[in-house]
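Novice:
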Amino acid sequence: MSDALAGLHAIVGSKGLLTDPAEMAAYGIDWRKLFPGLPLAVVRPFSTAEVSAIMALCHQHQIAVVPQGGNTGMAGGAVPDTSGRELVLSLGRMNRLRGIDPVGMTLEAEAGVVLQTAQEAAIAVNRLLPISLAAEGSATIGGVIATNAGGVNVLRYGMTRAMVLGLEVVLPDGRVVDGLRRLRKDHAGYDWKQIFIGTEGTLGLVTAAVLRLMPKPSQRLTALVSVPDPQAALDFLVVAQDALGDTISAFELISGFSLGLVHRHFGLSCPVAEGQWYVLIDAGASLSGLREAMEAAFEQAFGQGCVLDGTIAESVQQASDLWMLRERITESEAKESKSVKHDVSIPIPSIPQFLVEAGHALERHAPGTRVNCFGHLGDGNLHYNVLIDGHDPRDINKIVHDVVDRFGGSISAEHGIGQYRVSELALRRSEPEQALSRLIKTAIDPMDLMNPGKVLPRRETR
Ligand code: FAD
Ligand code: MLT
Ligand code: ZN
6 MSDALAGLHA IVGSKGLLTD PAEMAAYGID WRKLFPGLPL AVVRPFSTAE VSAIMALCHQ
66 HQIAVVPQGG NTGMAGGAVP DTSGRELVLS LGRMNRLRGI DPVGMTLEAE AGVVLQTAQE
126 AAIAVNRLLP ISLAAEGSAT IGGVIATNAG GVNVLRYGMT RAMVLGLEVV LPDGRVVDGL
186 RRLRKDHAGY DWKQIFIGTE GTLGLVTAAV LRLMPKPSQR LTALVSVPDP QAALDFLVVA
246 QDALGDTISA FELISGFSLG LVHRHFGLSC PVAEGQWYVL IDAGASLSGL REAMEAAFEQ
306 AFGQGCVLDG TIAESVQQAS DLWMLRERIT ESEAKESKSV KHDVSIPIPS IPQFLVEAGH
366 ALERHAPGTR VNCFGHLGDG NLHYNVLIDG HDPRDINKIV HDVVDRFGGS ISAEHGIGQY
426 RVSELALRRS EPEQALSRLI KTAIDPMDLM NPGKVLPRRE TR
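Mapped onto the working numbering, the consecutive letters of the sequence shown carry residue numbers 6 to 467.
(1) How many angstroms separate the CA atom of residue 36 from the CA atom of residue 294?
(2) Say the cut is 7 Å; is the CB of residue 147 nearer than that to a heavy atom of the ligand FAD?
(3) Take residue 112 as the anchor and find which of 97, 130, 99 and 96 has the nearest alpha-carbon.
(4) Taking the alpha helix (DSSP H) that residue 442 belongs to, which residues open and close that run?
(5) Are residue 455 and residue 81 closer than 8 Å when you measure CB to CB?
(6) Hey, could you find the ends of the beta strand (DSSP E) residue 259 is sitting in?
(7) Report the residue ranges of all alpha helix (DSSP H) runs contained in full by the stretch 152 to 231; include only those spanning at least 4 residues, in chain order.
(8) By the 10 Å Cβ neighbour count, where 16 or more other Cβ atoms means buried, how is residue 128 classified, buried or exposed?
(9) Say yes only if the C-beta of residue 419 is nearer than 7 Å to one or more non-hydrogen atoms of the ligand ZN, and no if none qualify.
(10) Quick one: grab the DSSP three-state call for residue 420.
(11) Mind checking which residues open and close the beta strand (DSSP E) that includes residue 43?
(12) Under 7 Å: does the beta carbon of residue 347 sit that close to some heavy atom of the ligand ZN?
(13) Looking at residue 203 and the ligand ZN, is the gap between the Cβ and the nearest heavy atom below 7 Å?
(14) Output the distance between the C-alpha atoms of residue 189 and residue 75, rounded to the nearest integer angstrom.
(15) Report the rounded CA-to-CA distance for residue 439 versus residue 432, giving the unit in angstroms.
(16) Could you name the residues of the same chain whose beta carbon sits closer than 7 Å to that of residue 222, not counting the 5 residues immediately before and after it, in chain order?
(17) Where residue 301 and residue 228 are concerned, what is the direct C-alpha to C-alpha distance, given to the nearest angstrom?
(18) If contacts are defined as beta-carbon pairs under 8 Å, then residue 68 and residue 43 qualify, I think. What distance do you get, rounded to the angstrom?
(19) Are the beta-carbon atoms belonging to residue 87 and residue 120 less than 8 Å from one another?
(20) Here's a check: name, in chain order, each residue in its chain whose Cβ is nearer than 6 Å to the Cβ of residue 332, leaving out the five neighbours to either side.
(21) Checking the sheet assignment: what are the DSSP bridge partners for residue 315?
(22) I'd like the span of the beta strand (DSSP E) that includes residue 377, first residue to last.
(23) Could you have a look at residue 284 and say whether DSSP puts it in helix, strand or coil?
(24) Is residue 75 near the ligand ZN, in the sense that its beta carbon is under 7 Å from a heavy atom of that ligand?
(25) If I measure Cβ to Cβ from residue 392 and keep anything under 8 Å in the same chain, skipping five residues before and after, which residues do I get?
(26) On a CA-only basis, which of 122, 20, 419 and 85 is nearest residue 158? Give me that one, please.
(27) Excluding five sequence neighbours on each side, which residues of the same chain lie with their C-beta closer than 6 Å to the C-beta of residue 23?
(28) Rounded to the nearest angstrom, what separates residue 51 and residue 171 at their Cα positions?
(29) Since I believe residue 226 is in contact with residue 166 (beta carbons under 8 Å), could you give me their beta-carbon distance rounded to a whole number of angstroms?
(30) Can residue 383 be considered in contact with the ligand ZN, in the sense that its beta carbon sits closer than 7 Å to one or more heavy atoms?
(31) Relative to the C-alpha of residue 449, which candidate in 137, 174, 117 and 327 has its C-alpha closest?
(32) Within 10 angstroms of the Cβ of residue 7, are there 16 or more other Cβ atoms? Answer buried if so, exposed if not.
(33) Out of 83, 241 and 357, state which residue places its alpha-carbon closest to the alpha-carbon of residue 458.
(34) As a quick exercise: from 252, 251 and 256, pick the residue whose alpha carbon is nearest that of residue 241.
(35) Hey, quick one: how far does the alpha helix (DSSP H) through residue 15 stretch, first residue to last?
(36) With residue 103 as the anchor, note down where its beta strand (DSSP E) starts and where it stops.
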């Protein structure tokens, strides 16, 4: 093994290689502190050529590699196991924005560029990179691509996949595949980049990407309303979509419980009269009439009784204060208790009934647990997180996912499988679907060196 470490040192130098346990500690554990691992070493390349050389060396020595970006993933995908034999490859030093083109509306960035940095670069040329999530100050371009991250703007702009025009990847044997094209349309052969998007570093390393930018709406409106129940929230979604069309970028459901947590742990108060449920809505447009359309939607929703109270932000500061109520939920939950997270997708019209049935199932099988439910209602994606307060977490996934299955839903809408959901996925996907996934994995990574045990079981147990 020391041969391999010497080889890594020769590639990246002292600055790029960490072997001191204290220096490696932060790379060995996930954001949720659920999966403490032990890296063989942490390698921090500076260029695609270095990544390529590292991968070739690891291939030769059969060393497993765990890619890591901002380490904000929710499913334990970016950390090694406890064997001390897996190498963490951190993309953090590959953080150059290679270019931005406001005419072609593209941005080219290395994998380690922080999402917020890329967003700000787009804003500076009056364009929008619409991928947006609460972890954007730390999550990286490589990480959001590898997880096909969702976030709060999917309703209008789609998941990260929809923003990726070109990709550069390094394969498990070190070969570099350069597909950094800036084209809107490119139907020449297989669109191979798709298999590296959302596969959580199990097939190769994303080293750089060309992302698509959107026009930046010149006006933006943010509003928070209280609604009597989830069905009313859906009724309001219909009213809002009729009135505001595709100007709506976010339509977020927030439970009163979630806002209670944010108040307790961050002291933030909700400016809207008490309700059991809330909706945060964001819309943007460059033509006039947005405010009038939003007010008309409110009026109609009040008349129908699906909205109880509400406020439209009157300034950028007020809009950001409303968003802070939403963005602080995850951190508040982490401060409150250990939780079992569910990142589920449900056909949108079934969401109210899903909530009723999941609630009953928990009362019956896990009495005393509390549910922190919020999420991207406009996308049919709920974060149905169960605070276990000392209860045994083992059966909670099964209780909730069984209900998800009954509604034809998915056990991961946006966070991915990582190591957190490997066994649940294996239980819930058909054999032909699993066989196809194994075929892809074996074709590209026959030795199971890329992030083993994530998404799919390890090779020896498959
Ligand atoms: P990491 O956590 O470092 O890695 C995630 C996965 O990608 C791992 O499997 C890793 O091996 C792989 N990977 C990382 N970089 C590369 C690379 N260059 N090449 C190949 N594989 C790679 N997610 C959402 O989808 N929507 C949300 O709304 C959302 N909100 C969040 C809010 C908070 C407060 C937090 C902490 C997280 C949230 N997340 C959300 C989860 C997380 O931020 C995203 O999954 C994000 O895309 C991860 O980016 P990262 O750079 O931190 O990746
Ligand atoms: C979010 O939407 O804020 C995250 O995806 C959520 C989570 O904590 O589950
Ligand atoms: Zn989310």
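All C-beta atoms in this analysis are idealised placements derived from N, C-alpha and C, irrespective of residue type, glycine included.
Nothing here was measured: the structure is a model prediction, and the numbers come from that model.
Specialist: Taking the structure as given:
(1) 42 Å
(2) yes
(3) 130
(4) 436 to 449
(5) no
(6) 253 to 260
(7) 159 to 162
(8) exposed
(9) yes
(10) coil
(11) Element bounds for residue 43: n/a, residue is neither H nor E.
(12) no
(13) no
(14) 28 Å
(15) 10 Å
(16) 289, 290 and 291
(17) 13 Å
(18) About 14 Å; that fails the 8 Å criterion.
(19) no
(20) 139
(21) 230
(22) 375 to 381
(23) strand
(24) no
(25) 338, 341, 342, 343, 344, 374, 375, 376 and 377
(26) 419
(27) 29 and 47
(28) 20 Å
(29) Contact flag wrong, Cβ pair sits at about 27 Å.
(30) no
(31) 174
(32) exposed
(33) 83
(34) 256
(35) 7 to 17
(36) 102 to 106
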